[in-house]
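A short worksheet on the structure shown next.
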Amino acid sequence: MDEAISLENITKSFGNNLILEDLNLKIVYGEVLCVSGRNGSGKSTLIRILSRLINPDSGNFFFNGKPIHDSKEFRKNIGVLLDSNMLYQDMTILENLNFSSSLYGIKNPQKNINYVSELLGISNYLKSRVKELSRGFKKRTELAKILLHQPRIILLDEPEINLDKATIETLKDIIVQERKKGASIVLCTHSEQFNEPIGQKFAYIKDRKLILSKNP
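Going letter by letter, the sequence shown gives residues -11 to 204 in this note's numbering.
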């Protein structure tokens, strides 16, 4: 399988707090990597580095086997779900999805919007303002937003938070479906629900290092 992202000797600190040190990771297309670790271990920092939202202090970052020179072009290929709400609260779900579609240059977004809305069970709530939604429906809307442009790389930071069991099962099905379509998926989680069968590779962060494991 082709390599999607490669990190070499990545180190990241915040002030005097060393979070990640000499971290190495290769991610290929058509694969799911589940990353676990304690709170504060660096999982969210890893997702932000992978999504180019923050830069490492040192180390090398490769996309499709080449160094990144255009982060904007790279971001067109990724969908990232963070642990913070990334929606416009005074806009409706539909307005949020239309706005995201325009950012990704989707010229005729209705088909994409219909697909992700049906997939995540928000079709009947498209005219609802985000600030009026439950936390679970906000998370569903965020998931719909990151899948709109059919990203080749999907990065998920603790996606199970605020989701009920039924939606978690839906999300697991989506992850498997996207993997079969060739997407590369990195999932940082505390939940054992995202282990077998969706996770093909497992890793955990300990003492600022990423350690690959054969088992969850």
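Beta carbons are placed, not taken as given, at the ideal position from N, Cα and C, and that holds for glycine.
All of these numbers come straight from a predicted model, not from anything done at the bench.
Nearest CA to the CA of S24: which residue from K14, G18, V16, I35?
I35
Check whether the Cβ atoms of G30 and I193 lie closer than 8 Å to each other.
yes
Which one or two residues does DSSP pair with G67 in a beta bridge?
DSSP output for G67 lists I142 as bridge partner(s).
Which residue spans inside the stretch 93 to 139 form an unbroken alpha helix (DSSP H) run of at least 4?
98 to 107, 123 to 135
With 16 as the cutoff for other CB atoms within 10 Å, does H57 come out buried or exposed?
exposed
Given L143, which residues of its chain have a CB within under 6 Å of its CB, disregarding the five upstream and five downstream residues?
I35, L38, S39, V68, V174
8 Å contact criterion, which I101 and R128 should meet: CB distance rounded:
Going by Cβ atoms, the distance from I101 to R128 rounds to 13 Å, so no, they are not a contact pair.
Would a C-beta distance cut-off of 8 Å place V104 and L70 closer than the cut-off?
no
Quick one: Cα of K60 to Cα of F125, how far?
29 Å
Restricting to Cα atoms, I'd like to know which of L151, Y76, G47, K64 is closest to S179.
L151
Please classify R167 as buried or exposed, where buried requires at least 16 other C-beta atoms within 10 Å of its C-beta.
buried
If you run the structure through DSSP and keep just helix, strand and coil, what is N5?
strand
Cα-Cα separation between Y92 and I(-2), rounded to whole angstroms:
29 Å
Applying the 10 Å Cβ sphere with the 16-neighbour rule, what's the burial state of L6?
exposed
Where N65 and T177 are concerned, what is the direct C-alpha to C-alpha distance, given to the nearest angstrom?
When rounded, the distance between both Cα atoms is 22 Å.
C-beta atoms of S32 and D145 nearer than 8 Å:
yes
How far does the beta strand (DSSP E) with N48 in it reach, from first residue to last?
Membership of N48 in the beta strand (DSSP E) is indicated by the continuous run 46 to 51.
F62 and L(-5) closer than 8 Å at C-beta
No, the pair does not count as a contact, with Cβ atoms beyond the cut-off.
Going by beta-carbon coordinates alone, are K189 and L11 separated by less than 8 Å?
no
Pull up the CB-CB distance for K14 and L85, whole angstroms please, since I reckon it's below 8 Å.
With a Cβ gap of about 33 Å, K14 and L85 do not count as contacting.
Just the Cα atoms here: how many angstroms apart are I42 and E148?
23 Å
DSSP state of N84, grouped into three classes?
helix
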